[in-house]
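Structure, as structure tokens:
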Amino acid sequence: MLTTRQDSESLRAGPVTRLDDVYGQIDSGFAAALEELAYLDSIVCGGVSPTYDLAFCAQVVQHSMCTSGLRTHLVEGYGPPAVYGERLVDPNQPTVLIYGRGTCDNKRRHLAQLWALRATLAAHGELPVNVKVLFMGEVVLGSPHLDLVRHHQDLLTADLAITSDGYGCGSGTPQLVLGALDSPFAAILAGAVQQATGVESFVAPSLGSSLPNYVFTDILGIPSVLVPYANADQNNHAAKENFELSRFKDGMRICATILDHVGRAGIPSD
């Protein structure tokens, strides 16, 4: 059984027209997005005063989330503050939890997701799904305060978790990494990435370390996916760390398209 929104024809105006409007907003706002990214990247986190730096960065990210149409608050008491935001549009629609960690390699990716929300709201006035966002800033320290997830399970209840740590294959093919061998959203997500990029994605059932995946699958019981927002040769935390600007825009398109496709499909049955 699929549960879908019934009360808004504007959200079902057709996949091409609807997303073309969103893509147009992404294109027109890209210069402003680059300016915001440059400012966010100028904030040094983990330097001489890492606790202060992370707290200040959290405030900046919270402001960015507010600008993206989310109700936000800081989650404190677990080391440096995490930032939570939400926009709940319809209890019968799927809820997507967007997770971003790190204040170095991940700034570009989580900002791409926020700009996807802004573009969708600018084009259509509302989001096609409920959205919850959690950004944390301790990836380079091993994320020692992930207990906050366990202590806020009710707040973080969702149908799908999107993690912004993903990247493409070395061949340039977008890569979706599922958090489990059989995700009910796999086909929906693959179709969304293909529409956003024009390239059929490679879908891996699972890959890499257990973090942050176990947080979603074991603690929250949510299907999760790593979405390809970055280039394969990004060299995170290395001297030649890099991020292709075209991937920044692709990340916005991918996130917006995923939200659209998930909203159209509803919640897959078990």
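Counting with our numbering, you get residues 1343 to 1612 for the letters of the sequence shown. Just so you know, even glycine gets a beta-carbon here, dropped at the ideal spot from N, CA and C.
Supposed close pair residue i, residue j - CB separation, criterion 8 Å
i, j, result
"residue 1570", "residue 1535", "7 Å"
"residue 1368", "residue 1461", "5 Å"
"residue 1477", "residue 1402", "Not a contact, Cβ separation roughly 11 Å."
Environment of residue i [buried if 16+ CB atoms lie within 10 Å]
i, result
"residue 1360", "buried"
"residue 1406", "buried"
"residue 1563", "exposed"
"residue 1503", "buried"
"residue 1492", "exposed"
"residue 1602", "buried"
"residue 1362", "exposed"
DSSP-derived helix/strand/coil call for residue i
i, result
"residue 1377", "helix"
"residue 1499", "coil"
"residue 1494", "coil"
"residue 1520", "strand"
"residue 1633", "The chain is shown from 1343 up to 1612; residue 1633 falls before or after that span and cannot be answered."
"residue 1420", "coil"
"residue 1349", "In this prediction, residue 1349 has a pLDDT of 39, which is less than 50 and means its spatial position is unreliable; what the coordinates show is noted afterwards. DSSP places residue 1349 in coil when its eight states are reduced to three."
"residue 1593", "helix"
"residue 1504", "strand"
"residue 1446", "Below a pLDDT of 50, predicted positions are generally treated as unreliable, and residue 1446, at 39, falls in that range; the measurement from the model is reported next regardless. Here residue 1446 sits in coil by DSSP."
"residue 1609", "coil"
"residue 1601", "helix"
Same chain only: Cβ atoms within 7 Å of residue i, ignoring 5 sequence neighbours per side
i, result
"residue 1376", "none"
"residue 1427", "1407, 1412, 1413, 1414 and 1475"
"residue 1456", "1406, 1407 and 1410"
"residue 1468", "1431"
"residue 1528", "1520 and 1545"
"residue 1423", "1397, 1400, 1416 and 1417"
"residue 1286", "Because the chain in this structure spans residues 1343 to 1612, residue 1286 falls outside the shown range and cannot be described."
Where the beta strand (DSSP E) through residue i begins and ends
i, result
"residue 1545", "1544-1546"
"residue 1533", "That residue, residue 1533, is in no beta strand (DSSP E); its alpha helix (DSSP H) goes 1528-1539."
Neighbourhood of residue i by C-beta distance below 6 Å, restricted to the same chain and skipping five residues each side
i, result
"residue 1390", "For residue 1390, the predicted structure reports a pLDDT of 47, less than 50, and the residue's modelled location is therefore unreliable. The matter cannot be settled from this model."
"residue 1538", "1595, 1596 and 1599"
"residue 1437", "1472, 1500 and 1501"
First through last residue of the alpha helix (DSSP H) which encompasses residue i
i, result
"residue 1384", "Taken as a continuous stretch (DSSP letters only), residue 1384 belongs to no alpha helix (DSSP H), as it is neither H nor E."
"residue 1455", "1449-1466"
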